[in-house]
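Participant:
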Amino acid sequence: EAALAIRNEIEPLANSMIEERLPQWRHEIRDLVRSVYGQADPEVAPRFRANYENLLGLGAAWRERDSEKFEKLAAAHLETVASAIGRGNQRGVSTEIVLDRLSPFYLSTVLYLIAALCCVLAWIGQRVSLNRAATTIVWTGVLLHLTGIVMRMIVTGRPPVTNLYSSFLFVSVGTVVLLQIVELFSRQGVGTLLGALFGTGTLLWAYSSSVADGDTMIVLRAVLDTQFWLSTHVICISLGYSATAAAGMAGLFWTIRSLLDSRMDQATSRKMIQNVYGMTAFALLLSFFGTVLGGLWGDDSWGRFWGWDPKENGALMIVLWNAVTLHARWAGVVRDRGIAALSIFGIVVTIWSWECVNQLGVGLHSYGVSAGKLQLVLGGMAILSAASLLGTIPRACWRSPVVRGKSPSGIPAQKIDRFGRTV
């Protein structure tokens, strides 16, 4: 019955409404186009008018089923477009074609996923060879990832981060590289595994953010149209996001392993916690200078250094949280479990400033709003918040002898002071 109603009643009504409005729409579009090319540059207007007339002729030829006329107008239109591209950014157009065909971010996602699988299999057997293979695969993914970012820069003529989608790409590769640097010093496969998992997750999230309209190279807002601040403040604050996320991922891995692995020795635990500490200090440095540069940009654009905008507050929260984490360690308020828990919650603070504030749709920094994304972001933050609370579990429930205060042989483990030294 519904199908009959659509065919017999709704469809004819819709067709009649379209037929009635079609002349009006045609005149409105024609007036709009004429107003545009009428106000355009004298050298551009004739070419714009030729394109407009060719497109109208193509429509008429299609309706009239005149194949000869259609092919002639299509050839003329393609020639006009080709000449326009020749006078414009030819390198950018060619690069965009290669970028679309290569799909470097898709390939990077696949490589990161394969590397993570190799790291997991390394725990079963062939640890050395599989970890080496995983490291090679991750660096190959990083190379493709960076290639895609550079190609986007060539196409847009802008720095690497210009919108929320490009920030996912940049923060993702920054975090993977930082964790790979950790791996160069630790040689445990941990940095490779964490980098592969983070790279896969963030690239998938970036893809989900681009599905709605497919346009990831949107025109910049007027206030963002500045090469200097995009190259300084935005890159610095994005690297601060990467370092905070890397510290949190390392802290999360230490927590899970300490809870479940009774074989983790003190040297391994100490090295992992030192990595968390070092990346937190690096994150504080980048976040602080990035926030200061953002204030200078605000003073340049809006005439005030600080206005308590939600995005500004989020950046300040990252700086303060990293500072709290480091000072709590220095003062001896927290030890290994504490700094790991604080670093995990640092990811929550970063997500709030990075994306959640944007999804609220308020403030001067409101961009990248997507329907339904806020609930997903808040859900992820809730999970990470719960993970940070794992550090409050009593020592007796932890399987790691380092946390329990005994070595695997039953001998009391050596104590580590707040600076990571054996006492």
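Start counting the sequence shown at 209; every next residue gets the next number (this note's numbering). All C-beta atoms in this analysis are idealised placements derived from N, C-alpha and C, irrespective of residue type, glycine included.
#1: For HIS441, which residues in the same chain have their Cβ closer than 7 Å to its Cβ, ignoring the five residues on either side in sequence?
#2: Can you name the start and end residues of the alpha helix (DSSP H) that GLY407 belongs to?
#3: Measuring straight from C-alpha to C-alpha, what distance separates THR424 and ASP469?
#4: Write down the C-beta distance between SER446 and VAL379 rounded to the nearest angstrom, noting that I regard them as a contact closer than 8 Å.
#5: Suppose you measure from the CA of VAL304 to the CA of SER450; what does that come to, to the nearest Å?
#6: Using C-beta distances below 6 Å, list every residue in its chain close to LEU338, excluding the 5 sequence neighbours before and after it, in chain order.
#7: Going by other Cβ atoms of all chains shown within 10 Å of its Cβ, with 16 needed for buried, is PHE553 buried or exposed?
#8: Following the continuous alpha helix (DSSP H) through GLY365, name the residue where it begins and the one where it ends.
#9: Leaving out five residues on either side along the sequence, give the residues of the same chain with a beta carbon under 6 Å from the beta carbon of VAL390.
#10: Leaving out the 5 sequence neighbours to the left and right, which residues in its chain are closer than 6 Å to ALA549 when beta-carbon positions are compared?
#11: Between which two residues does the alpha helix (DSSP H) containing ARG478 stretch?
#12: Does the region 451-460 come within contact of the region 485-492, defined as at least 3 CB pairs closer than 8 Å?
#13: Hey, out of LEU354, THR558, ARG612, whose CA is closest to LEU492's CA?
#14: Under the assumption that VAL385 contacts ILE357 (Cβ atoms under 8 Å), give the Cβ distance between them as a whole number of angstroms.
#15: Are the region 464-479 and the region 519-527 touching by the rule of at least three beta carbon pairs closer than 8 Å?
#16: Is DSSP giving VAL542 helix, strand or coil here?
#17: Measuring straight from C-alpha to C-alpha, what distance separates PRO220 and GLU228?
#18: Among ARG366, ARG340, ALA269, LEU392, which residue has its Cα nearest to the Cα of PHE436?
#19: Is it right to say ALA594 is buried, meaning 16 or more other beta carbons lie within 10 angstroms of its own, or is it exposed?
#20: Would you list, in sequence order, the uninterrupted alpha helix (DSSP H) runs of no fewer than 4 residues that lie entirely inside the region 298-334?
#21: Could you check if ILE555 is buried or exposed, using at least 16 other CB atoms within 10 Å of its CB as the buried criterion?
#22: Would you be able to state if there are at least three C-beta pairs under 8 Å between the region 525-543 and the region 601-610?
#23: Closest to LEU401 by C-alpha separation, out of VAL610, GLU261, GLN388, GLY511, would be which residue?
#24: Would you check if the distance between the CB atom of SER417 and the CB atom of PHE376 is smaller than 8 Å?
#25: Go through the region 442-470 residue by residue and report every complete run of the alpha helix (DSSP H) that reaches 4 residues or more, in order.
#26: Go ahead and label PHE496 buried or exposed: buried means 16 or more other beta carbons lie within 10 angstroms of its beta carbon, across all protein chains shown.
#27: I need the DSSP call for MET425, collapsed to helix, strand or coil.
#28: What does the alpha-carbon distance come out to for the pair ARG271 and ILE426?
#29: With a threshold of 8 Å, are at least 3 pairs of Cβ atoms found where one atom belongs to the region 272-280 and the other to the region 311-327?
#30: Does the distance from the CB of GLN396 to the CB of THR476 come in under 8 Å?
#31: Buried or exposed for CYS444, please, with buried defined as at least 16 other CB atoms from any protein chain shown within 10 angstroms of its CB.
#32: Buried or exposed: where does ARG273 fall if 16 or more other Cβ atoms within 10 Å of its Cβ makes it buried?
#33: Under three-state DSSP, which class holds THR533?
#34: Determine the contact status of LEU307 and VAL369, defining contact as a CB-CB distance below 8 Å.
#35: Exposed or buried, what is ALA283 when buried is set at 16 or more other beta-carbons lying within 10 Å of its beta-carbon?
#36: What are the start and end residues of the alpha helix (DSSP H) that includes SER593?
Facilitator: With the given structure in hand:
#1: GLY498, LEU501, GLY502, TRP505
#2: In the DSSP assignment, GLY407 falls within the unbroken alpha helix (DSSP H) covering 398-418.
#3: One C-alpha to the other measures close to 43 Å.
#4: 5 Å
#5: For the record, residue 304 in the displayed sequence is Glu; it is not Val. Distance between the alpha carbons of GLU304 and SER450: 27 Å.
#6: Within the same chain, LEU338 has close Cβ partners CYS326, LEU329, ALA330.
#7: buried
#8: That residue, GLY365, is in no alpha helix (DSSP H); it is neither H nor E in DSSP.
#9: GLY399, ASN483
#10: Around ALA549: SER596, GLY599.
#11: 474-510
#12: yes
#13: THR558
#14: That pair is no contact at about 12 Å.
#15: no
#16: coil
#17: 12 Å
#18: ARG366
#19: exposed
#20: 298-310, 312-330
#21: With 16 or more other Cβ atoms within 10 Å, it is buried.
#22: Short answer: they don't touch.
#23: GLN388
#24: yes
#25: 443-468
#26: buried
#27: Coil.
#28: 34 Å
#29: no
#30: Result yes, Cβ atoms of GLN396 and THR476 sit closer than 8 Å.
#31: buried
#32: That one is exposed.
#33: Look at THR533 here: in three-state DSSP terms it is helix.
#34: no
#35: exposed
#36: First-last of the alpha helix (DSSP H) with SER593: 581-596.
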